[in-house]
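The next block holds one structure in the form of structure tokens; read it before the comments.
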Amino acid sequence: INALEAFSGGGLQFGFNAASVKLPISANFKLDKMRMDLRMHAFDPWTQEKMGSGNSEIFKTDYKVGFGIDLGFIHIGPEFYRVTGMAETTLKGLKQLVGDIYKKLAGLQRQEWQTRVLLSRDNYVVIVGGAELGLKKGDRLKIENEVHDWMGEPCGESSTLIGSTSVTSNPWIVEIEDAGNLMSKAKVLNIDENISIDVGALARVDKFVEEVVAKKK
């Protein structure tokens, strides 16, 4: 959030931005406008590549409110933002910006859906993602182990993933047995006794139990 301000036509202002306005210990407010300026970025969670960004500036001018408040020597609590309308302005700004980001992401070239293996044991795997993503019992996924190249310590907080390469010539095929909440359990159909599926292995769609019909907008 770059700025969140409440001010009147007379110039009295409360909120925060790069140049904050000092107020006395107690003051009477007569506010007739709210302003919020924020910027949002969307990143790919795996590669950290920036997928889209947007900026939103929202004004609220459809009300007038006057009140007094004792600032004291402590911060103003959340109730101030509800009374003045700042909370409504914040929500309006977030909704507009999320909508703008969605339009930008929806306009990008479609990427192949993929997820990762969370647990691999006894010819079963648990993958990230479940019914909330539309996965169903009977859906089949193909799984490949990968090696990852990092700039810096692998998975380090300040490290950068340079790329990933598959090291599996014959992908495993797994079938969803339980599409749960946020994760799914699947059985390995083509077991290889010489090699096992790694935690973090790449999982992609092989075949749906029933064809997914695109919803009309």
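First residue of the sequence shown? That's 1178 in our numbering, and the numbers climb one at a time after it.
We put the CB at the ideal spot given by N, CA and C, even for glycine.
Residue i in three-state terms, based on DSSP
i            : result
residue 1272 : helix
residue 1345 : coil
residue 1353 : strand
residue 1214 : strand
residue 1363 : strand
residue 1280 : helix
residue 1219 : strand
residue 1264 : helix
residue 1234 : strand
residue 1305 : strand
residue 1310 : helix
residue 1369 : coil
residue 1295 : strand
residue 1229 : strand
residue 1252 : Confidence is the limiting factor: at residue 1252 the pLDDT is only 45, short of 50, which leaves the residue's position unreliable, though a coordinate-based value still follows. Residue state, collapsed to three classes: coil.
residue 1205 : Any reading at residue 1205 must be qualified, since the residue scores a pLDDT of 48, below 50, and its modelled position is unreliable; the value itself is stated next. Three-state result, residue 1205: strand.
residue 1136 : Beyond the ends of the chain as shown, which are 1178 and 1394, falls residue 1136; an answer cannot be given.
residue 1386 : coil
Pairwise C-alpha distance: residue j and residue i
i            : j            : result
residue 1385 : residue 1367 : 17 Å
residue 1358 : residue 1265 : 32 Å
residue 1316 : residue 1323 : 22 Å
residue 1350 : residue 1286 : 27 Å
residue 1299 : residue 1360 : 18 Å
residue 1312 : residue 1304 : 11 Å
residue 1373 : residue 1235 : 53 Å
residue 1292 : residue 1233 : 32 Å
residue 1302 : residue 1370 : 15 Å
residue 1270 : residue 1290 : 30 Å
residue 1331 : residue 1288 : 25 Å
residue 1338 : residue 1329 : 9 Å
residue 1334 : residue 1308 : 31 Å
residue 1268 : residue 1215 : 11 Å
residue 1306 : residue 1211 : 40 Å
Sequence-distant residues of the same chain with beta carbon closer than 7 Å to residue i, five excluded per side
i            : result
residue 1348 : 1319, 1320 and 1321
residue 1383 : 1317, 1318, 1319 and 1350
residue 1217 : 1230, 1231, 1274 and 1278
residue 1387 : none
residue 1380 : 1291, 1292, 1293, 1294, 1304, 1318 and 1320
residue 1221 : 1228
Residues of its chain near residue i, where Cβ-Cβ distance is below 6 Å and the 5 sequence neighbours each way are ignored
i            : result
residue 1343 : 1321 and 1323
residue 1281 : 1229
Under 8 Å between C-beta atoms of residue i and residue j
i            : j            : result
residue 1354 : residue 1362 : yes
residue 1283 : residue 1314 : no
residue 1296 : residue 1376 : yes
residue 1341 : residue 1325 : yes
residue 1219 : residue 1228 : yes
residue 1294 : residue 1180 : no
Cutoff 8 Å: residue i Cβ touching any chain C Cβ
i            : result
residue 1282 : Considering every chain present, this structure includes no chain C. It has just one protein chain.
Contacts around residue i, its chain only, beta-carbon distance under 8 Å, and the 5 residues preceding and following it disregarded
i            : result
residue 1327 : 1333, 1336, 1337, 1338 and 1339
residue 1225 : 1337 and 1338
*asked:* Please give me, in chain order, every unbroken run of the beta strand (DSSP E) with length at least 3 that falls completely inside the region 1314-1338.
replied: 1317-1321 and 1323-1328
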